[in-house]
Amino acid sequence: MRIAVSVGILVIALLVGPLTVSGAAAPDKVSDADKLTKVGRFSSAEKMLEKITATEAGAKDAEAWAKLAEVRVDMPNPDLDGAEAAIMTALDLVKDKNARYWKILGRISFERGNQALAAQQAANTIKSWFSDAEVKFGESRRLDGSDPEINWLYGWAKELQEYPKKAREAYEKNIAEFPTEAGGYWRRGAQISNDAARAGGRSPEGQKRYGEAVKLFDTGLEKCGPDPRILHLKGIALEWLGKHDEARECYRTAVRSDPTFRKPWDELIRKKESAAKLMDLSRDVLRKHANDGTAAMYLGWVLTGQGETKAAMDVMLPALEVWREHYSLWWQASKTAGPVLMNRATSATAIPWMEKIHEYYEYSADAANNLGLFYRDSRPPQAQKALEWYLKASERAPNSQDILNDTGLIYLFNLPGQEKKSLPYFEKVL
């Protein structure tokens, strides 16, 4: 879920709110998968749903297949082919008569368009994907016009095919029909802001357009409450109008509203928000959203920079237990704990931290490798303990040359009688 608008450039990323599903075959399990996605555990949710759809009953459960498709679209590295296969199975089971499934299929085409745009592919290729998304969103809208998101998604697909008038009509239709749905406001506001940037943000016309965008964002906030996407884009428009203090307050309000939305955090850091203010903001968020992964990561980052390593880990480890697949949180926790582990004077403090990091994060090859290095280099060396961690690391990153090399070295130099076991690892490196 990633949305951003920067100076004159639309950074494309589809942000669609979580959809409620309940599977007929095993509703408790599909519901469990939905709970996992809400704390960023997409890989775990995918595995759970794959097991459900592999059963005889699950294979006939359209909702389970649809949820699997959503998970594969929303995960940090989307599996679009797998998502398309899952949603096509769901559509076959309902004879193509489900608006939400068509919406998911449209999101897949939209994300393919995003990827083509990011890769700077040919203009016709990019347009073809967004055209395909438009058709699928249109079918969803035809089957059920009550979805408050579908008009602005349809409009966005139009906008990205360079049909601004039709996009504007779709956004304004969404605002008129669903005045408390935020999507129409932030998409139309983003369109106006882009017009301002193209006109020259500091020019009289650009300033006028940014002013129009702010008025629309204010209307959206009045009708919809503190939506983080509207607040983020309002902050950017206010910056162009020279109202920097007001912009910062928009970013802070956005963070408090939804701390998992990263863009407002990044804007505050880009604007060099003071460490004291970031700590206060992060702690305020954590009081309202216990163990939120993103807030814990930022607070851990600030505390580490202030030399308060233990305080940083006391914040991050409980959050990591909940957000076990939050890569940025895991990375920051590893970065904080690593130097403490490798310092012989403080290593005893960091060993349990690193073991917890490894336990909580399913893909923490680096954490396991760091522990292997520590046990290998301790005095006296604890070779068997080091080997255990190297093997765990190699399971999670089987093609990492550093881990393969370190595993081979421990067999070669630290485990007498097992030198030959190093050969397969060195062969892979070569």
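Start counting the sequence shown at 34; every next residue gets the next number (the working numbering).
Idealized CB from N, CA, C, for every residue including glycine.
Every value quoted in this text rests on a predicted model; they were computed, and no experiment measured them.
Across the set L193, P292, G239, the C-alpha of P292 shows the shortest separation from the C-alpha of P259.
Taking 3 residues as the minimum length, the stretch 265-295 contains no beta strand (DSSP E) run wholly inside it. Considering only Q415, N432, R377, the residue with the shortest C-alpha distance to D399 is N432.
Annotated as distal: E205 and G222, with beta-carbon spacing of 9 Å or more. Shown here, M312 sits in a helix according to DSSP, grouped into three states. Where F163 is concerned, the enclosing alpha helix (DSSP H) starts and stops at 156-176.
Fewer than three Cβ pairs drawn from the stretch 246-262 and the stretch 300-318 lie within less than 8 Å of each other, which leaves the two stretches out of contact. For a cut-off of 8 Å, the C-beta gap from V104 to A66 is around 7 Å, short enough to register as a contact. Rounded to whole angstroms, the Cβ separation of S173 and A132 is 5 Å, and the two are in contact under 8 Å. Taken in chain order, the complete alpha helix (DSSP H) segments of 4 or more residues contained in the stretch 87-168 are 95-107, 113-126, 132-151. Only buried fits G371, as 16 or more other CB atoms lie within 10 angstroms of its CB. Between L113 and E144, the beta carbon gap of about 6 Å places them in contact (Cβ cut-off 8 Å). Per the coordinates, the alpha-carbon of N184 lies some 45 Å from the alpha-carbon of D347.
Here the alpha carbon of G139 sits roughly 10 Å from the alpha carbon of S164. The three-state reading of DSSP puts V355 in helix, counting H, G and I together. Distances from the CA of A309 to each of K296, A287, W334, A323 were compared; the closest alpha carbon is that of W334. Distance from E96 to V63 at the Cβ level is roughly 6 Å; contact confirmed, criterion being Cβ atoms closer than 8 Å.
Per DSSP, the continuous alpha helix (DSSP H) segment holding L362 begins and ends at 360-375. In this structure, the alpha-carbon of F407 lies about 25 Å from that of H359. When DSSP states are grouped into helix, strand and coil, S236 belongs to the coil group. Straight across, the Cα-Cα distance linking A151 with W162 is about 13 Å. In the three-state reduction of the DSSP assignment, Y204 falls in the helix class. In the three-state DSSP reduction, F211 falls in the coil class, being neither helix nor strand.
Excluding the 5 residues flanking it on each side, G171 has same chain C-beta neighbours closer than 8 Å at Y187, in chain order. Under a 10 Å Cβ-count criterion, G253 is classified as buried, with 16 or more other Cβ atoms of the shown protein chains found around its own Cβ.
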